[in-house]
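For the numbering used here, count along the sequence shown from 1 and bump the result up by 28.
One structure is given here, and the rest of the page talks about it.
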Amino acid sequence: MPRIIPRAQHTISRSHISPNALRVLYRLRDGGFQAFLVGGCVRDLLVGLEPKDFDVATDALPEQVKRLFRNCRLVGRRFRLAHVFFGQEIIEVATFRAASAPIQDEELPESELAEEEVAPEDELLDQGGPLTEAGAARLEAEHAGREALVPVTERMFDDTGRILRDNVYGTIEADVWRRDFTANALYYNIADFSIWDYVGGVEDIAARQLRVIGDPETRYREDPVRMLRAARFEAKLGFTLEPASAAPIGPLRALLGGVPPARLFDETLKLFLTGHGERSLPVLRRRGLLEALLPNVEAYLAAHPDSLVEKLLNTGLANTDARVIAGRSVTPTFLLALLLYGPIAAIIESLPPSRWHEIAAILAACDQAVRDAQRHIAIPKRFTLGLREMFALQPRLEHPRGRRALRLIGHPRFRAAYDLLLLRAQFGMASADVATWWTDLQRVSEDEQGRMADALAAAPERPGAQTGRRRRRRGGRRRSSTGGS
Ligand code: ATP
Ligand code: MG
């Protein structure tokens with residue numbers, strides 16, 4: 029039996045719930061179904077955070093949900109979910125699921141974050157541009173794959189295509205036990221605005237504790253990503269993972285090696301690009317999870333305690349968090365540059381100093397660091413290509429040459445490379461004068477930009493020319509373009 033907390037005894041007000049989510053809940057209720065808000069949104073409302081999205085759980089079958097909403101599409105392979113569309117906002121409606129149904133793949137729609145940087149071929153498609161033969165073949169294969177996946181899951185359909193609800197769909201009592209943490213397993217009932225709590229989630233939230241539902245070791249073995257989710261919620265909510273839920277992580281973290289790398293990439297973005305990236309890093313390290321996710325980053329940080337690179341990384345993550353919170357866009361490419369900065373610098377600095385500024389050496393170091401990172405997480409090529417460009421642009425930004433330098437402003441990676449230059453300059457890894465020159469350059473008219481470039485070319489003391497001397501004075505030795513340790 030759930031503990032039912034009536035409206036008068038909790039703080040969730042309808043004024044904090046998305047009007048579209050309320051519309052969905054009310055229509056389900058009026059259709060004679062149970063309808064609850066569930067998961068992260070209930071948790072976030074209780075701790076006073078603004079939920080990222082609102083998920084609905086119901087006893088209506090997906091087809092029944094579809095019939096209630098014209099703006100509705102059924103998605104998901106083995107487990108069908110209904111997406112109800114309201115302009116930009118999507119309300120996800122899931123039928124209560126039995127414990128036997130896996131939670132993993134279906135609950136992970138393709139990362140929205142990863143979609144932000146669009147691959148060139150996708151851009152072409154979006155604009156209705158010409159479709160190459162290879163592109164068409166790929167699309168067709170994808171389409172065939174999707175079609176093929178639906179009917180093979182015999183658990184779900186009988187001969188007539190009717191859903192075998194007993195195996196997959198369940199009741200709210202079944203639905204609750206497959207969830208990961210007690211704080212994530214609360215249900216807000218639209219019938220009377222009460223909260224249903226089967227697992228003691230309300231107390232845990234009040235105590236700011238994260239507790240695995242059931243036996244932690246078993247639940248982590250079932251789905252090792254739950255260990256990363258624990259770290260993510262610790263960082264996001266500032267909750268403490270209670271000791272019994274924390275203990276198995278050390279011994280079990282290597283199981284993350286068996287998780288599909290694309291899913292780990294997705295989780296990495298959620299850890300670092302959703303507004304609490306700076307806090308995620310120490311939590312991951314304390315739990316030994318950075319080692320399991322990005323061993324080369326952990327190795328660098330462990331070997332160089334309190335390094336400038338660590339400061340650059342933390343500051344970069346803090347800046348990224350500020351952008352997310354302000355609703356501005358962030359890119360996985362820039363995140364990758366921050367995380368891999370140390371490993372890349374270490375590879376470059378293992379070469380003789382005469383090679384430190386060679387573009388080929390810089391690119392080779394990027395490729396090596398990316399290969400090391402790819403051991404566990406699958407990084408889409410568009411981001412690794414972006415990373416190479418960001419690093420290859422650093423020496424060109426540091427030594428601007430006359431009017432040719434102006435062309436760099438139009439480079440697709442200029443913005444990210446310039447942001448990296450600013451960070452490096454902040455920590456004495458690049459000339460502050462050069463960074464200021466680029467900042468000023470972007471503030472003036474095109475004519476003025478030309479004059480600045482000419483003046484630079486004519487000046488005996490170009491900002492780019494000063495860097496070497498200054499750094500030598502301060503650091504006592506030459507530094508590479510990345511200036512790591
Ligand atoms: P946020 O969206 O703020 O990151 P969330 O709790 O909503 O956090 P989601 O990944 O959106 O997280 O998942 C929604 C809900 O589904 C969770 O609250 C949890 O109840 C359940 N869930 C998601 N992933 C898992 C998992 N791997 N194991 C068990 N339950 C999960
Ligand atoms: Mg969510």
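For every residue, glycine included, the Cβ atom is placed at its ideal position computed from N, Cα and C.
Please find out if some non-hydrogen atom of the ligand MG comes closer than 7 Å to the beta-carbon of residue i.
i: Asp-447; result: no
i: Lys-80; result: yes
Round the Cβ separation of residue i and residue j to the nearest angstrom and send it over; I've been treating them as touching at under 8 Å.
i: Ala-406; j: Ile-372; result: Not quite, the Cβ-Cβ distance comes to about 19 Å (not below 8 Å), so this is no contact.
i: Ala-481; j: Leu-434; result: 6 Å
i: Ile-390; j: Ile-376; result: 6 Å
i: Thr-210; j: Arg-239; result: 5 Å
i: Asn-48; j: Ile-119; result: 6 Å
i: Ala-85; j: Asp-203; result: 6 Å
Do residue i and the ligand ATP come close, with the Cβ less than 7 Å from some heavy atom?
i: Gly-68; result: yes
i: Ala-290; result: no
i: Val-253; result: yes
i: Asp-83; result: yes
i: Arg-356; result: no
i: Asn-217; result: no
i: Arg-249; result: no
i: Asp-294; result: no
i: Lys-339; result: no
i: Arg-105; result: no
i: Arg-307; result: no
i: Lys-94; result: no
i: Asp-208; result: yes
i: Ala-263; result: no
i: Ala-213; result: yes
i: Arg-257; result: yes
Buried or exposed: residue i, going by 16 or more other Cβ atoms within 10 Å of its Cβ?
i: Ser-273; result: buried
i: Gly-266; result: exposed
i: Ser-459; result: buried
i: Ala-258; result: buried
i: Asp-232; result: buried
i: Arg-432; result: exposed
i: Thr-412; result: buried
i: Gln-37; result: exposed
i: Thr-361; result: buried
i: Met-29; result: exposed
i: Ile-32; result: exposed
i: Ser-308; result: buried
i: Pro-34; result: exposed
i: Ala-528; result: With the chain covering only 29 through 513, there is no way to say anything about residue 528.
i: Pro-440; result: exposed
i: Tyr-54; result: exposed
i: Asn-570; result: There is simply no residue 570 to check, as the chain begins at 29 and stops at 513 in what is shown.
i: Gln-237; result: buried
i: Thr-296; result: buried
i: Gly-286; result: exposed
i: Ile-45; result: buried
i: Ser-382; result: exposed
i: Leu-269; result: buried
i: Val-70; result: buried
i: Gly-278; result: exposed
By alpha-carbon positions, which one of the options ends up nearest to residue i?
i: Ser-43; options: Leu-73, Gly-430 and Leu-421; result: Leu-73
i: Arg-452; options: Ser-382, Asn-347, Val-337 and Pro-381; result: Val-337
i: Ala-122; options: Phe-114, Gln-92 and Ala-282; result: Gln-92
i: His-304; options: Asn-324, Arg-291, Pro-288 and Ala-346; result: Ala-346
i: Arg-410; options: Arg-403, Met-418 and His-404; result: Met-418
i: Tyr-197; options: Ala-126, Ile-218 and Arg-207; result: Ala-126
i: Ala-327; options: Tyr-369, Val-287 and Thr-302; result: Tyr-369
i: Trp-465; options: Pro-90, Leu-425, Ser-473 and Glu-78; result: Leu-425
i: Phe-261; options: Val-75, Leu-449 and Arg-443; result: Val-75
i: Val-66; options: Glu-78, Asp-58 and Phe-82; result: Phe-82
i: Trp-205; options: Val-358, Ala-235 and Arg-247; result: Arg-247
i: Asp-225; options: Glu-201, Gln-396 and Val-462; result: Glu-201
Going by DSSP, name the residue or residues bridged to residue i.
i: Thr-268; result: Gln-237
i: Phe-113; result: Ile-118
i: Cys-69; result: Beta-bridge pairing links Cys-69 to no other residue.
i: Leu-214; result: Asp-225
i: Val-462; result: BP columns for Val-462 are empty, so no partner.
i: Cys-100; result: Val-112
i: Arg-31; result: Asp-225
i: Tyr-197; result: Arg-125
i: Val-84; result: Leu-65 and Val-121
i: Phe-209; result: Val-240
Quick one: is the Cβ of residue i within less than 7 Å of any heavy atom of the ligand PLP?
i: Lys-298; result: Among the ligands present in this structure, namely the ligand ATP and the ligand MG, the ligand PLP is not found.
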